[in-house]
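No gaps in the numbering here: position 61 of the sequence shown is 61 in this note's numbering, and each next residue is one more.
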Amino acid sequence: MNPREWRRSVAGKYLRHLPRIKHIRGTWLHRRLGDRLFNLEMWQPQRERFAAGCAIGVFFAMIPLPFQMLGAAVIAYFGRVNIPAAIALTWLTNPLTAAFFVYLEYKIGNLLLGSVAGEPSGNIFEVIKRAPIPVLTGAGVLAVISAIISYPIALWGFDWVERRFLSSARKK
């Protein structure tokens with residue numbers, strides 16, 4: 001896609017309104033974070049940095065904490081990996097899928113802690129009071145395992161996209 005076609009595409013219409021480097025330079029954000037903020041290696045997809053950004057994003061997606069995107073962006077910034085990939089993959093747990101992941105984390109936490117997950121209890125408040133420890137334990141384990149698994153998957157996906165789309169673009 002040539003630059004003129006790209007600007008007319010849906011992504012181009014959205015992205016052209018984002019601030020440019022010349023608009024951000026000298027602002028409080030630039031003064032706080034420095035010139036590393038403008039390092040293109042953290043914004044353009046490169047194979048290893050993209051995969052590491054994906055792993056960071058998946059890790060933070062599995063942790064049931066507020067401000068997941070902020071945490072992923074900060075760690076990606078200091079780790080010098082792909083920031084957009086890290087932020088995008090935190091949405092793996094969106095409002096539609098969060099309940100499934102929290103339940104899975106609860107089950108994993110109960111399994112690891114030796115608690116009986118299916119223990120019937122007449123008091124719902126007692127269950128809510130006991131839930132945070134198994135959920136956080138399961139979340140930590142699930143986050144680490146998911147991040148480890150997502151790294152090679154992202155490498156494979158990056159290679160597949162390069163072979164599939166970039167090689168066909170070179171043929172034209």
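Virtual Cβ for every residue (Gly too), placed ideally from N, Cα, C.
Note that this is a predicted model, so its numbers are computed, not measured.
Cβ-based burial, residue i [other Cβ within 10 Å; buried from 16]
i      : result
Thr137 : buried
Gly26  : exposed
Glu105 : buried
Gly114 : exposed
Ile108 : buried
Val81  : buried
Phe125 : exposed
Between the CA atoms of residue j and residue i - distance to the nearest angstrom
i      : j      : result
Trp43  : Val127 : 44 Å
Ile153 : Ile56  : 13 Å
Ala147 : Leu33  : 26 Å
Tyr103 : Leu96  : 13 Å
Ala51  : Leu112 : 29 Å
Phe67  : Asn110 : 26 Å
Leu155 : Cys54  : 10 Å
Ile133 : Pro84  : 31 Å
Phe78  : Lys22  : 22 Å
His30  : Glu48  : 26 Å
Asn94  : Ile145 : 19 Å
Closest residue to residue i among the options (Cα-Cα distance)
i      : options                          : result
Gly157 : Trp28, Pro45 and Arg80           : Pro45
Arg36  : Ala52, Ala76 and Phe50           : Ala76
Ala99  : Val135, Tyr151, Ser115 and Ile21 : Val135
Leu92  : His30, Ser150 and Arg49          : Ser150
Arg20  : Trp28, Phe38 and Arg31           : Phe38
Ala88  : Phe78, Ala73 and Gly79           : Ala73
Original post:
Does the pairing of the segment 136-151 with the segment 59-73 give three or more beta-carbon distances under 8 Å?
Top reply: Flag = yes, the segment 136-151 and the segment 59-73 touch.
Original post:
Touching or not, the segment 157-167 and the segment 63-80, by the rule of three or more beta carbon pairs under 8 Å?
Top reply: No, the segment 157-167 does not touch the segment 63-80.
Subject >> Those runs of the alpha helix (DSSP H) which lie wholly inside the segment 83-142 and span at least 4 residues >> reply: Fully contained in the segment 83-142 are the following alpha helix (DSSP H) runs of length 4 or more, in chain order: 83-89, 98-113 and 124-130.
**OP:** Ignoring anything shorter than 4 residues or poking outside the segment 43-80, list the alpha helix (DSSP H) runs there in chain order.
**Re:** Along the segment 43-80, the alpha helix (DSSP H) occurs as fully enclosed runs of 4 or more residues at 47-62 and 68-79, listed in sequence order.
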